[in-house]
Amino acid sequence: MAEAQVQASSDKNTRFDVKLYRKLSQPETQTKKQSLVKEISKMLHDIEESNKEKKLIYFSHLFKKRIFDSGGKYVGKLKDLAILGGDRFPDVSHLLVSGKEEFITSWQNVADFNGRIKLNKQLEQIDKRPANNEDILLNGQILDQQVVDVNGLKVIRVNDIALTYIKGKLSVVNIDIGTKAIFRRLGFERLANWLPFEVKDHPVPWDSVEPLSAGIEKIHLKVPCPRVSDLHPADVADLFDELSLIERTTILKNMKSETAAKVLLECDHNVQKSIMKSLKPKRIAAILDKMPANDAANLISGYGNSQLDTLLKLMDLNAASKVQEMLSFKEGCAARHMDSIFVSVKKDATVQQTIEVIRNKGKLPDNLYYVYIVDDNDSLIGVVSLKHILMSDPETSVFKIMTTKLITIDISDPIQYVEEIMTKFDLMAIPAVDVNGRIKGVINAEDVLNFVISHTKKHKPIELTSEQKSDLKKERRLKAYTSRMIKDVGQFLKEIEPKKSDYIVKKDQGTH
Amino acid sequence: MLILAIIGPGIITASVDNDPGGITTYTVAGSHYGYTLLWTIIPIVVALILIQEMAARMGIATGKGLADMIRENFGLKVTFYVMLMLIVVNFGNVMSEFAGIAAAGEIFGITKYILIPICAMGIWLLVVYGSYKIVERVFLFASLLYFAYVISGIMADPPWQKVLVELVTPHFVPQADYFFIIVGLIGTTIAPWMMFYLQSSIVEKGLKKEEMKYSRMDVTFGSLVTGVIAFFIIIASAATLFSNGVRVDTAADAARALAPLAGVYASMLFAFGLFNAGLFSAAILPLSTAYSVCEGLGWESGVNKGFKEAPQFYSLITGLIILGAGFILLPNVPLIQIMLVSQVLNGILLPIILIYMLRLSSSERLMGEYKNGKVFNTITWATCIIIICLTVALTVSYIFPAILG
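For the record, the sequence lines run as chains E and L. Going by our numbering, 96 is the number at position 96 of the first sequence; the sequence numbering is gapless. Going by our numbering, 555 is the number at position 43 of the second sequence; the sequence numbering is gapless.
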């Protein structure tokens with residue numbers, strides 16, 4: 001019964017529903033989630049039903065519609081609709097009327113909107129004001145502009161906007177990027193049906209859309225909608241390929257420095273260069289602060305002395321000195337690829353103390369494989385794997401369990417050599433020491449991998465076709481979307497029926 | 513930085529500008545009217561510099577392509593019709609590129625029924641699978657060939673005093689053919705697709721506002737090169753063809769303008785240049801058109817995407833190449849006429865594009881401190897109006913030849 005309902009809700013969300021259905025109907029999760037399935041399918045069914053009743057109203061049909069006052073006198077033509085930012089599906093709040101004069105008037109003055117647009121007052125009694133910067137205008141700011149489809153991870157252009165009545169209020173539900181919408185805008189809607197090939201609408205739900213132009217970010221402020229800044233940095237970097245420099249910079253400007261740093265590092269070299277050029281030094285410094293020193297150094301190594309000085313002065317003192325140290329090494333040597341964050345303890349430390357050190361370290365490397373043991377002169381004398389530490393008695397001295405058969409490389413060794421050593425000995429991480437045997441950083445397999453990939457790209461034996469790639473991408477996004485939907489539904493249930501849904505959501509989380 | 517100025521987008525645009533349609537139009541201008549059309553060169557080049565500077569400035573200030581800007585500020589309807597016109601005009605241009613290739617084949621004695629299909633196939637593969645950067649480089653190198661005209665023009669030893677006088681003395685001949693050739697000259701030199709192409713390449717390059725002056729140098733230099741080559745093609749053909757009373761009807765006639773330089777090899781040199789130019793412009797034009805149209809109408813574009821992902825993009829490229837080549841394959845098509853008419857179409861579309869560009873680049877909201885100045889606007893609007901008048905005159909003179917006698 002539940003299955004039937006989930007399946008039945010097949011419209012534009014078919015693919016998602018099938019996915020969800022499959023996911024939910026896996027044997028091991030089926031029993032656990034049965035109640036959730038029921039709830040979801042009921043909800044989807046309700047949405048489906050209400051969608052059937054509600055006809056979509058397209059902005060292209062409303063545009064330039066004639067407006068009359070309560071006395072039947074012609075007022076002007078509908079030029080634009082203003083929406084109230086904030087809601088998941090924002091309500092229409094005002095109309096922009098263009099007649100003898102151009103003015104904005106409240107939605108409350110509308111008596112009838114379905115046939116001809118009729119106001120409920122005489123023309124003279126209507127409240128009027130000119131449009132201002134606070135208004136979010138559908139035609140002026142959304143239609144024809146580029147927006148980011150955060151779920152589809154694409155930059156799209158708005159061809160039309162679909163509205164419908166939700167709880168008696170006219171609200172925006174979709175933007176449309178399909179070819180049919182182009183025909184509608186051009187006034188050739190009927191022609192579309194005569195064409196030998198099918199022309200379709202391609203709706204994108206309003207809540208998965210984020211405008212690109214600066215100044216209208218406020219649209220989504222109140223609702224926890226997926227935003228560009230919530231995407232994985234690598235996905236944002238992908239998106240950047242489609243954007244112009246100015247759009248990239250706008251997005252970066254609105255991001256936290258940490259996120260911006262990650263995004264920037266995921267970008268193509270040329271994209272990095274152009275972005276760095278267009279950001280203000282202060283902002284660059286703030287972003288560099290949040291990067292690993294070696295990456296920061298690589299980014300700014302091409303800069304002239306005076307530019308470098310300004311940047312370093314603007315940076316956090318600690319970060320700047322690390323970057324400066326990195327810059328003193330030649331490009332392509334081990335030091336430029338090492339992570340200067342690692343865990344080291346003195347030789348007299350116990351296992352318990354070592355664990356404390358790790359816990360209190362604050363910033364840890366992304367992957368922690370080894371703890372390094374140093375003597376009183378900070379010279380590297382041994383290494384213990386994290387596994388060993390976890391398995392050993394807390395009171396044992398690390399000196400006893402460490403291995404002294406060290407494989408190290410010199411910080412000035414070329415990275416190619418490091419790669420060879422790491423492959424030969426199958427190492428996940430290798431310590432880099434200076435001439436005095438002091439450990440300066442750690443080179444992780446992933447750093448070397450990045451280097452290897454970026455230098456062998458041209459000779460890659462198997463290249464996925466662009467279609468394969470896009471299919472894989474879609475698959476991944478769909479998964480992300482599904483899990484987000486499940487979470488959303490959980491949230492929704494929580495809101496309407498606290499006790500019952502709490503139980504369901506807990507169960508749901510338990511299975512993840 | 514200097515390198516940027518020398519091989520920037522401006523010079524590349526300038527070299528695509530000298531395509532078979534351009535060569536033919538200049539040659540016809542020189543062979544039919546002698547030196548009397550030389551005076552058009554200076555105003556055309558001035559207008560070219562102004563307009564290209566405007567395109568470059570718009571690209572740098574907004575970071576957006578021209579099609580994007582038209583869509584965002586004038587809406588879908590305007591964009592649709594502008595794009596439709598661009599497709600039609602550029603279809604003419606693609607056809608003229610293939611006409612150039614066919615004409616070159618004629619000289620070498622290769623039938624177009626073999627040459628054109630092979631070239632069309634090659635171009636399609638190059639565009640879809642090849643690297644655009646390589647196309648651009650090769651093309652830039654190949655266009656050095658046009659300097660042959662400079663040498664040929666000098667070796668033809670025209671009456672220099674007369675040339676200089678004609679260069680600054682405007683003439684008006686109230687004849688449909690005369691207007692036709694002037695609109696053609698304007699259209700081939702200041703081609704509409706070029707604005708889209710130039711602005712996009714500037715955006716692509718990610719030029720900064722501080723680099724505006726290099727970009728200005730770049731487009732000015734490019735425009736001057738175009739002008740110099742046009743000048744020499746006209747005098748070379750005036751000195752060799754007009755003085756002998758030859759009217760250009762076939763490519764072999766046109767080739768004689770290179771005789772002072774290359775003697776008996778003139779036709780080989782000409783054919784080789786025409787072939788190169790045709791081949792590479794035929795690669796760049798469909799690509800540039802597809803990019804502009806997809807940008808404006810919000811369709812997926814890019815050669816790194818598959819057909820499934822960007823169907824309209826690939827359909828446009830493929831359609832333009834197949835139809836453009838296919839039309840040339842019809843028996844007895846007049847190649848020279850096709851090349852000429854396509855350039856006149858360029859000239860007719862130009863003012864429409866210009867008006868939108870002017871409105872966009874005068875907007876404080878979009879351009880900020882980089883908006884058009886008053887003097888600039890006056891000159892460019894005047895250019896627009898002149899071109900419109902010429903187009904109207906051309907149309908009128910065709911419909912009512914009697915009015916102009």
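We put the beta carbon where it would ideally sit given N, CA and C, even for glycine. Just so it is clear, the structure is predicted and the values come from calculations on it, not from any experiment.
| Check | Outcome |
| --- | --- |
| Closest by CA to E:Ile67, which one among E:Phe113, E:Tyr58, E:Val228? | E:Phe113 |
| Determine the direct distance from the alpha carbon of L:Tyr547 to that of L:Val675, and round the result to whole angstroms. | 6 angstroms |
| For the beta strand (DSSP E) holding E:Gly115, just list the boundary residues, first then last. | It is not in any beta strand (DSSP E) - E:Gly115 carries neither H nor E in the DSSP assignment. |
| Just tell me which of E:Asp471, E:Leu212, E:Ile341, E:Ala296 has its CA closest to the CA of E:Ser328. | E:Ala296 |
| Can you give the beta carbon distance from L:Leu560 to L:Ser735, rounded, assuming they're within the 8 angstroms contact cut? | 4 angstroms |
| List the residues that DSSP assigns as beta-bridge partners of E:Glu102. | E:Ser98 |
| Closer than 9 angstroms, Cβ to any Cβ of chain L: which residues of the segment 140-159 of chain E, in chain order? | Leu143, Asp144, Gln145, Gln146, Lys154, Ile156, Arg157, Val158, Asn159 |
| Quick check on this structure: which residue in E:Phe89, E:Phe59, E:Lys73 has the alpha carbon closest to the alpha carbon of E:Leu95? | E:Phe59 |
| Which residue's Cα is closest to the Cα of E:Asp235: E:Pro211, E:Asp268, E:Val204? | E:Asp268 |
| Tell whether a beta-carbon distance below 9 angstroms holds between L:Tyr538 and L:Ile694. | no |
| Mark L:Glu565 as exposed unless 16 or more other C-beta atoms lie within 10 angstroms of its C-beta, in which case mark it buried. | buried |
| Along chain E, in chain order, which residues have C-beta atoms closer than 9 angstroms to that of L:Phe592? | Ile182, Arg185, Leu186 |
| What is the DSSP secondary structure of E:Arg66, counted as helix, strand or coil? | strand |
| At the level of alpha carbons, what is the spacing between L:Ile630 and L:Glu609? | 14 angstroms |
| Out of E:Pro394, E:Ile407, E:Ala261, E:Glu258, point me to the one whose CA is closest to E:Ala349's CA. | E:Pro394 |
| Give a yes or no on contact between the segment 877-886 of chain L and the segment 841-851 of chain L, applying the rule of three or more CB pairs nearer than 8 angstroms. | no |
| Compare the beta carbon distance of E:Leu136 and E:Asp160 with 9 angstroms and say whether it is the shorter of the two. | For the record, residue 136 of chain E in the displayed sequence is Ile; it is not Leu. No; because the gap between Cβ atoms is not below 9 angstroms, this pair is not in contact. |
| Quick one: Cα of E:Asp69 to Cα of E:Ala131, how far? | 20 angstroms |
| Taking only three categories from DSSP, how would you classify E:Cys333? | strand |
| Restricting to Cα atoms, I'd like to know which of E:Arg184, E:Leu186, E:Leu212, E:Lys180 is closest to E:Phe197. | E:Lys180 |
| Please confirm if E:Lys277 has its CB atom under 9 angstroms from at least one CB of chain L. | yes |
| If you count every other CB in all the chains shown that lies within 10 Å of the CB of L:Gly791, and 16 or more means buried, which is it? | The sequence shown places Leu at residue 791 of chain L, rather than the Gly named in the question. Buried, since its Cβ has 16 or more Cβ neighbours within 10 Å. |
| Decide if the segment 578-590 of chain L is in contact with the segment 769-782 of chain L; the criterion is three or more beta carbon pairs, one per stretch, under 8 angstroms apart. | no |
| Start and end of the alpha helix (DSSP H) containing E:Asn444? | Not the alpha helix (DSSP H): E:Asn444 falls in the beta strand (DSSP E), residues 439-444. |
| Just to confirm the assignment, what range does the beta strand (DSSP E) spanning E:Arg157 have? | 154-157 |
| When the Cα of L:Val600 is compared with those of L:Met729, L:Phe653, L:Leu862, L:Glu678, which residue comes out closest? | L:Leu862 |
| In this structure, does DSSP put L:Val528 in helix, strand or coil? | helix |
| Between which two residues does the alpha helix (DSSP H) carrying E:Leu163 extend? | Taken as a continuous stretch (DSSP letters only), E:Leu163 belongs to no alpha helix (DSSP H), being part of the beta strand (DSSP E) at 160-166. |
| Listed in chain order, which residues of the segment 235-251 of chain E have Cβ atoms closer than 8 angstroms to some Cβ of chain L? | Ser244, Leu245, Ile246, Glu247 |
| From L:Ala703 to L:Ile864, what does the alpha carbon distance come to, in whole angstroms? | 12 angstroms |
| Report yes or no: do the segment 633-645 of chain L and the segment 819-829 of chain L share at least 3 C-beta pairs separated by less than 8 angstroms? | yes |
| Would you list, in sequence order, the uninterrupted alpha helix (DSSP H) runs of no fewer than 4 residues that lie entirely inside the segment 543-612 of chain L? | 553-574 |
| Just reading off the alpha helix (DSSP H) that E:Pro211 is part of, what are its end residues? | Run containing E:Pro211: none in the alpha helix (DSSP H); it sits in the beta strand (DSSP E), 209-211. |
| Roughly how many angstroms lie between the CA atoms of E:Gly437 and E:Tyr369, to the nearest whole one? | 20 angstroms |
| According to DSSP, is L:Thr752 helix, strand or coil? | helix |
| What's the gap between the Cα of L:Val760 and the Cα of L:Val815? | 39 angstroms |
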